[in-house]
Amino acid sequence: MPDPTEQTKTSVLFVCLGNICRSPLAEGIFTQLVEQRGLSDRFHIDSCGTGGWHVGKGPDPRSVLVASKNGLDISHLRARQFDASSDPHMYDWLIVMDRSNHADLIDMGSPEHKVRLMRSYDLSLDGDHDVPDPYYGGDDGFDKVYEMLTRACEGMLDSITAQA
Ligand code: 4NP
405 MPDPTEQTKT SVLFVCLGNI CRSPLAEGIF TQLVEQRGLS DRFHIDSCGT GGWHVGKGPD
465 PRSVLVASKN GLDISHLRAR QFDASSDPHM YDWLIVMDRS NHADLIDMGS PEHKVRLMRS
525 YDLSLDGDHD VPDPYYGGDD GFDKVYEMLT RACEGMLDSI TAQA
């Protein structure tokens with residue numbers, strides 16, 4: 405949870421459905437990017453799911469594997485559920501993986517100006533605005549999601565730092 409007294413920090417919450425495939429990867433990739441740019445003290449970063457089925461569990465092994473193939477360890481992350489009573493107030497940005505997540509957050513009362521599609525920061529957007537849910541697909545789905553999230557995280561950090 406971000407500390408409200410730390411007004412200088414930008415707080416970012418990545419949101420998907422289960423918080424075991426896409427959003428923990430987004431959290432790990434964005435955290436690593438922020439570290440690489442020497443900006444760690446300027447961000448509070450977390451992820452969650454709109455559903456509660458996997459609360460307390462670690463990321464899907466396929467997400468852990470694709471992350472580790474790319475030099476990133478996300479095995480320590482634990483799933484939590486989006487909290488409609490506090491998260492929309494505590495975070496500056498609610499970054500959702502797909503339009504279904506977007507609709508769910510708006511339905512739960514999140515302010516529209518805080519909710520952004522992850523792929524809105526992906527300049528190579530091919531017409532699809534969603535990060536596809538790889539949960540029921542094959543392993544190559546996780547590679548594609550990883551590439552997509554990397555591009556979108558870079559675009560997002562560029563956008564946030566340009567505004568600051
Ligand atoms: P995620 O993928 O939203 O990217 O974490 C899913 C993980 C689990 C389920 C659905 C999507 N599930 O139905 O359990």
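Just so we're aligned: the sequence shown equals residues 405 to 568 in my numbering. Backbone N, C-alpha and C define an ideal beta-carbon position, used for all residues, glycine too. Just so you know, these numbers come straight off a predicted model, no measurement behind them.
* To do: Tell me whether Val-372 sits in a helix, a strand or coil according to DSSP, three-state version.
  => Outside the displayed range of the chain (405 to 568) lies residue 372, so it cannot be described from this structure.
* Sorry if obvious, but does the Cβ on Ser-479 come closer than 7 Å to a heavy atom of the ligand 4NP? -> no
* **Residue from Lys-548, Asp-544 and Lys-413 with nearest C-alpha to Asp-534** => Lys-548
* Would you say the beta carbon of Asp-537 comes nearer than 7 Å to a heavy atom of the ligand 4NP? -> yes
* Asked: Among Gly-455, Gly-460 and Met-494, which one has its Cα closest to the Cα of Met-405?
  -> Met-494
* **Closest residue to Glu-551 among Arg-426, Ala-566 and Val-419 (Cα-Cα distance)** => Arg-426
* Asked: Below 8 Å, can you find three or more Cβ-Cβ pairs linking the region 415-423 to the region 483-491?
  -> yes
* Go through its chain and collect everything with a Cβ distance to Pro-515's Cβ below 8 Å, but skip five positions before and after it. => Pro-492
* Asked: Can we count Trp-497 as close to the ligand 4NP, meaning its CB is less than 7 Å from some heavy atom?
  -> no
* Asked: For Leu-429, does the three-state DSSP call read helix, strand or coil?
  -> helix
* Hey, out of Asp-511, Leu-443 and Lys-461, whose CA is closest to Ser-451's CA? -> Lys-461
* Thr-554: first and last residue of the uninterrupted alpha helix (DSSP H) it sits in -> 543-567
* So what does DSSP say about His-448, is it helix, strand or coil? -> strand
* Asked: For Ile-433 versus Leu-469, is the C-beta spacing smaller than 8 Å?
  -> no
* To do: Express the C-alpha separation of Ser-479 and Gly-442 in angstroms, rounding to a whole number.
  => 23 Å
* To do: Pick out whichever of Glu-558, Lys-518, Arg-555 and Asp-543 has its Cα sitting closest to the Cα of Ser-415.
  => Lys-518
* Element boundaries [alpha helix (DSSP H), containing Val-535] -> Segment: none, Val-535 is in no alpha helix (DSSP H) and carries neither H nor E.
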